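K.L.:
Here it is, the structure, as C-alpha cells.
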C-alpha cells in the first residue's frame with residue numbers, strides 16, 4: 002500500500018473486511034449497519050471512529066513517498082530514481098517514461114491525484130511561473146485565462162512585483178480575465194521577500 006497504487010477491487014475488499022469486523026455480530030450473523038461508512042471513517046472529533054478508507058490511505062502513503070523525493074533528495078533511492086527518470090526536474094514536471102518501473106508510474110499517478118494540493122510559498126518570485134504554477138492554491142492561473150500573449154507566457158512572479166513586494170501588472174500584455182480580476186484582490190496580499198520560493202502542501206498550515 003505504501004509503494005504501489007492498489008487496484009480498486011483490492012481497496013474494496015480491504016474496506017469490506019473492516020466493515021464486517023465493525024458491523025458483524027459475534028455469532029457470525031450479518032449485523033445491521035446503523036451508521037454509514039462515510040461517517041464511520043470520519044475523525045472522532047467530527048463523530049466518526051477514525052477508520053481509514055483504503056483508497057485514501059493508499060493515496061496518503063504514496064503521497065508521503067512522493068513528498069520525500071522533494072524534501073530529502075539525497076536519500077539513496079530518491080537520488081537513483083530521480084537520476085533515471087526525472088533528472089533536473091521538480092516532481093511536478095515529471096512525466097511517464099517508456100519501460101519505467103511500476104513504482105515510478107504509481108508515484109506519477111499519485112502526483113496527478115494530489116497536484117492541486119501543492120502550491121508555492123512566494124519568496125523572491127524567481128522560480129514560480131505566473132501562469133503555470135499553482136501559487137494561489139486554486140490551480141494554475143492559466144486555467145482561469147482564455148488567452149495569454151506569447152510575450153507573457155514565460156513570465157515569473159518576480160516580473161510583476163515591484164521593489165516593495167506590491168503587485169505591478171504594467172509588464173503584462175495579456176488582458177486579465179474577469180475571473181482573475183475578481184479573485185486577485187481577495188487572495189493576494191503584498192509579498193514579503195523572505196528567502197527563496199518554496200513548494201509546500203497547501204492544505205497543511207505547516208506546508209508539510
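In our numbering, the protein residues as written are 2 to 209. From the three backbone atoms N, C-alpha and C, an ideal C-beta is built for every residue, glycine too. It should be emphasised that the depicted structure is a prediction, and the values quoted were computed from it without experimental measurement.
Using 9 Å as the threshold, is the C-beta distance between residue 201 and residue 121 below it?
P.N.:
Position 200 of the chain shown holds residue 201. Position 120 of the chain shown holds residue 121. Closer than 9 Å, so yes.
K.L.:
Could you have a look at residue 76 and say whether DSSP puts it in helix, strand or coil?
P.N.:
The residue you call residue 76 lines up with position 75 of the chain shown. Residue state, collapsed to three classes: coil.
K.L.:
Between which two residues does the beta strand (DSSP E) harbouring residue 200 extend?
P.N.:
Counting from one through the chain shown, the residue named residue 200 turns up at place 199. Its beta strand (DSSP E) spans residues 199-202.
K.L.:
Over the uninterrupted alpha helix (DSSP H) stretch that includes residue 112, give me the two end residues.
P.N.:
Working through the chain shown from its first residue, we reach residue 112 at position 111. Residue 112 -> alpha helix (DSSP H) spans 103-115.
K.L.:
For the alpha helix (DSSP H) containing residue 120, name the first residue and the last one.
P.N.:
Your numbering for residue 120 matches position 119 in the chain shown. Element bounds for residue 120: not the alpha helix (DSSP H) but the beta strand (DSSP E), 119-122.
K.L.:
Quick check on residue 168: does DSSP put it in helix, strand or coil?
P.N.:
As a working mapping, residue 168 is identified with position 167 in the chain shown. Three-state DSSP puts residue 168 in a strand.
K.L.:
For residue 76, I'd like the list of residues in its chain whose CB is within less than 8 Å of its CB, leaving aside the five on either flank, ordered along the chain.
P.N.:
For the purposes of this step, residue 76 is taken as residue 75 along the chain shown, with counting starting at 1. Excluding sequence neighbours, residue 76 sits near 69.
K.L.:
State the DSSP-derived secondary structure class of residue 2, mapped to helix, strand or coil.
P.N.:
Residue mapping note: residue 2 aligns to position 1 of the chain shown, counting from 1. Coil.
K.L.:
How would you call residue 109, buried or exposed, if buried means at least 16 neighbouring beta carbons within 10 angstroms?
P.N.:
Position 108 of the chain shown, counted from the start, is the residue given in the question as residue 109. Residue 109 comes out buried.
K.L.:
Strictly by DSSP, which residues pair up with residue 1?
P.N.:
As displayed, the chain neither begins before 2 nor continues past 209, which places residue 1 out of reach and without an answer.
K.L.:
Counting beta carbon pairs with one atom in the segment 149-166 and one in the segment 124-136, are three or more of them shorter than 8 Å?
P.N.:
Yes: at least three Cβ pairs fall under 8 Å.
K.L.:
Could you compute how far the alpha carbon of residue 219 sits from the alpha carbon of residue 35?
P.N.:
The chain is shown from 2 up to 209; residue 219 falls before or after that span and cannot be answered.
K.L.:
Helix, strand or coil for residue 205, going by three-state DSSP, please let me know.
P.N.:
Taking the first residue of the chain shown as position 1, residue 205 is located at position 204. Coil, per DSSP.
K.L.:
From which residue to which residue does the alpha helix (DSSP H) around residue 19 run?
P.N.:
The residue given as residue 19 occupies position 18 in the chain shown. Segment 9-24, the alpha helix (DSSP H) holding residue 19.
K.L.:
Within a Cβ cutoff of 6 Å, which residues of the same chain sit near residue 142, ignoring the five residues on either side of it in sequence?
P.N.:
Translated into positions along the chain shown, residue 142 becomes position 141. Closer than 6 Å at the Cβ level, and outside the excluded window around residue 142, lie 132.
K.L.:
Report the rounded CA-to-CA distance for residue 153 versus residue 204, giving the unit in angstroms.
P.N.:
Counting from 1 along the chain shown, the entry for residue 153 is found at position 152. Counting from 1 along the chain shown, the entry for residue 204 is found at position 203. The alpha-carbon atoms of residue 153 and residue 204 are separated by roughly 29 Å.
K.L.:
Determine, using beta carbons only, whether residue 54 and residue 42 come nearer to each other than 9 Å.
P.N.:
Position 53 of the chain shown holds residue 54. Position 41 of the chain shown holds residue 42. Contact: yes.
K.L.:
Any idea if residue 135 is buried or exposed, counting beta-carbon neighbours within 10 angstroms, 16 or more meaning buried?
P.N.:
For the purposes of this step, residue 135 is taken as the residue at position 134 of the chain shown. Residue 135 comes out buried.
K.L.:
Pop quiz: residue 50 and residue 4 are said to be a contact at Cβ under 8 Å. What is the actual Cβ separation, rounded to whole angstroms?
P.N.:
The sequence position of residue 50 within the chain shown is 49, counting from 1. The sequence position of residue 4 within the chain shown is 3, counting from 1. So it is not a contact: roughly 27 Å between Cβ atoms.
K.L.:
Taking the DSSP output, what are the residues bridged to residue 157?
P.N.:
For the purposes of this step, residue 157 is identified with residue 156 of the chain shown, where counting begins at 1. In the DSSP output, where bridge partners are listed per residue, residue 157 has 130.
K.L.:
Please go through the same chain and pick out, in chain order, the residues whose beta-carbon is closer than 6 Å to the beta-carbon of residue 44, but skip the five residues on each side of it.
P.N.:
Taking the first residue of the chain shown as 1, we reach residue 44 at position 43. The residues are 51.
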